[in-house]
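A short worksheet on the structure shown next.
Numbering (my numbering), first residue to last: 109 to 438.
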């Protein structure tokens, strides 16, 4: 079968945040973009997931899949080369500093290296006016902790910086007079709205944060890290619970909200988890930007996406209903 006759498979992606672990998502996207039968419909993201989503959208708008692959590779290579490099104890030192002083004390000018990287890599006007994919970028409103989603026509540099704004490291980002923090606190990543609005039959959650830890943290550093992971994991669980509730309502709807319920019944929901492909993920730091780590995460993401593609061929007669592809709650 020639590539022109391959059946098209439309996918929507939910990209979780997780700092440098976002290089795993880079690998997943890199492999999906190679697949001639894949088209992307809607992408939601928080934090590093939002960064990857916007890079992808800009690359696709600029020159299609190969341009998107090149843009993602250039960005993550720049991350590795521009640092700060955080091998061994440096990541722990940054965590300690953030606990004893606020970013307004440690960094009064609000310098954020990500601003320069994104300014050089993303044409935000092109994303707003020409993105071929729909975007949902998650931010957390500081005033009330609620989720604010920015769509492709609203995306700006400040929106992406807000989505990736860890409050103990960076100043809150103001947009139209409202302060925002990392989107992972409110939805990591947005799932319910993605499922409701997506036109794709297959939705893939790319999950970066570990599901489970075997040990109980004892040091101040490890406790702090685990608390943050729990906060981000809780927002994911809430999104999954919301989807499960929606599915239950559709089971009782008897024709109400027919379009959404019809979409849910035919949807296939999948998960690609970094923890399944990266050894000792729960012992790695999401602040570590060493090139060796980023490349290993990227390679693991490519393997994960290749395995998913092999297990889910586009021409397979799959009739799984929503929830069969991956359990929502466990």
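Ideal Cβ positions, reconstructed from N, Cα and C, are used throughout, including at glycine.
Values in this document were obtained by computation on a predicted structure and should not be read as measured data.
| Asked | Found |
| --- | --- |
| Cut-off 7 angstroms between Cβ atoms - residues of its own chain near residue 411, not counting five sequence neighbours on either side | 385 |
| Opposing strand residues paired with residue 242 [DSSP bridges] | 150 |
| Inter-residue Cα distance where the pair is residue 398 and residue 188 | 6 angstroms |
| For residue 322, three-class secondary structure by DSSP | coil |
| Option in 315, 117, 166 with minimal Cα separation from residue 144 | 117 |
| Separation of residue 292 from residue 243, as counted between CA atoms | 16 angstroms |
| Whole-angstrom distance between residue 396 and residue 272, CA atom to CA atom | 15 angstroms |
| Classification of residue 449 by the beta-carbon crowding that lies within 10 angstroms, buried from 16 upward | The displayed coordinates of the chain run from 109 to 438. Any statement about residue 449 would go beyond what the structure contains. |
| Simplified DSSP state of residue 449, which is helix, strand or coil | The structure shown does not extend to residue 449, since the chain spans only 109 to 438, so no value can be given for it. |
| Short Cβ contact (9 angstroms threshold) for residue 382 with residue 153 | no |
| Inter-residue Cα distance where the pair is residue 161 and residue 356 | 30 angstroms |
| Cβ shell of residue 295 (< 7 angstroms), same chain only, five flanking positions each side left out | 154, 246, 255, 343, 347 |
| Identity of the residue in 341, 379, 304 nearest residue 353 by Cα | 304 |
| Contact check, residue 279 vs residue 220, beta carbons under 9 angstroms | yes |
| With 16 other Cβ atoms within 10 Å as the buried cut-off, status of residue 233 | exposed |
| Proximal residues to residue 239 (C-beta, below 6 angstroms), its chain only, five neighbours per side dropped | 165, 169, 260 |
| Cβ pair residue 258, residue 267 closer than 9 angstroms | yes |
| The ligand SAM heavy atom lying under 8 angstroms from the CB of residue 271 | In the structure shown, the ligand SAM is absent, as is every other ligand, since no ligand is present at all. |
| Alpha-carbon spacing of residue 403 relative to residue 128, whole angstroms | 11 angstroms |
| Residue 400 burial status per 10 Å Cβ neighbour count (16 or more: buried) | exposed |
| Within-9 angstroms CB hit, residue 120 to chain B | The structure shown has no chain B; it contains just one protein chain. |
| Straight-line Cα distance separating residue 309 from residue 98 | Look at the range of the chain in this structure, 109 to 438, and you will see that residue 98 is not part of it. |
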